[in-house]
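One structure is given below, encoded as structure tokens.
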Amino acid sequence: MFLTYTNTETHKVLRKGFDRSPLFTGRIKGIGPRYCPSIEDKINRFTDRDRHHIFLEPEGYDTNVVYVNGYSTSLPVDIQAEGLHTIPGLYNVKMLRPGYAVEYDYFPPHQLKLSLETKIC
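For the sequence shown, the working numbering assigns the number 163 to the initial residue and increments by one for each residue that follows.
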């Protein structure tokens with residue numbers, strides 16, 4: 163895993179798309195118990211911060227594909243790509259799959275039946 167950060171230029175670029183972000187405008191809501199704020203939420207809510215962590219997580223041992231953790235977003239693809247190019251270490255990055263608004267949740271395995279139904283309900 164590698165660590166880099168957004169910066170004021172990244173924030174400036176991403177703000178250009180806030181009006182087209184379903185998460186940011188409230189057309190969809192992040193309400194899950196494990197909700198991680200989108201990058202647009204972080205920039206808006208923590209205006210006093212000039213940067214935010216971006217973790218680059220390799221997708222495997224035999225690939226140069228990485229998951230850009232900390233950049234979850236519902237921003238338009240063009241804004242996502244432009245913003246990535248402002249982050250140190252990603253200036254020449256090629257975006258394979260854009261971010262999209264999705265929430266993940268799970269049940270710990272001990273709470274599931276063999277049929278994958280939850281034991282709680």
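All C-beta atoms, glycine included, are put in the ideal place defined by N, C-alpha and C.
> Is the Cβ-Cβ distance between R182 and P238 less than 8 Å?
Replying inline: In this structure, P238 lies closer than 8 Å to R182 by Cβ.
> Terminal residues of the continuous beta strand (DSSP E) containing L218?
Replying inline: Residues 215 to 220.
> Taking all protein chains shown into account, do 16 or more other C-beta atoms lie within 10 angstroms of the C-beta of L185, making it buried, or fewer, making it exposed?
Replying inline: Its Cβ being crowded by 16 or more others within 10 Å, L185 is buried.
>> Can you tell me whether L258 is buried or exposed? The criterion is at least 16 other CB atoms within 10 Å of its CB, across all chains shown.
In response: Exposed.
>> Is it buried or exposed, G188, if we count other Cβ atoms within 10 angstroms and call 16 or more buried?
In response: Answer is exposed; the Cβ neighbour count stays below 16.
>> Measuring straight from C-alpha to C-alpha, what distance separates A243 and G251?
In response: Rounded to whole angstroms, A243 to G251 spans 14 Å at the Cα level.
>> Taking the alpha carbon of H221 as the reference point, which residue from M163, R207, S200 has its own alpha carbon closest?
In response: The sequence as given places Glu at residue 221; His does not occur at that position. Ranking M163, R207, S200 by Cα distance to E221 puts M163 first.
>> Assuming the contact rule is C-beta atoms closer than 8 Å, L165 and F208 should be a hit. Round their C-beta distance to whole Å, please.
In response: At roughly 18 Å, the Cβ-Cβ gap does not stay under 8 Å, so L165 and F208 are not in contact.
> In terms of residue numbering, what span does the beta strand (DSSP E) encompassing L276 cover?
Replying inline: Annotation: L276 is outside any beta strand (DSSP E) and is labelled neither H nor E by DSSP.
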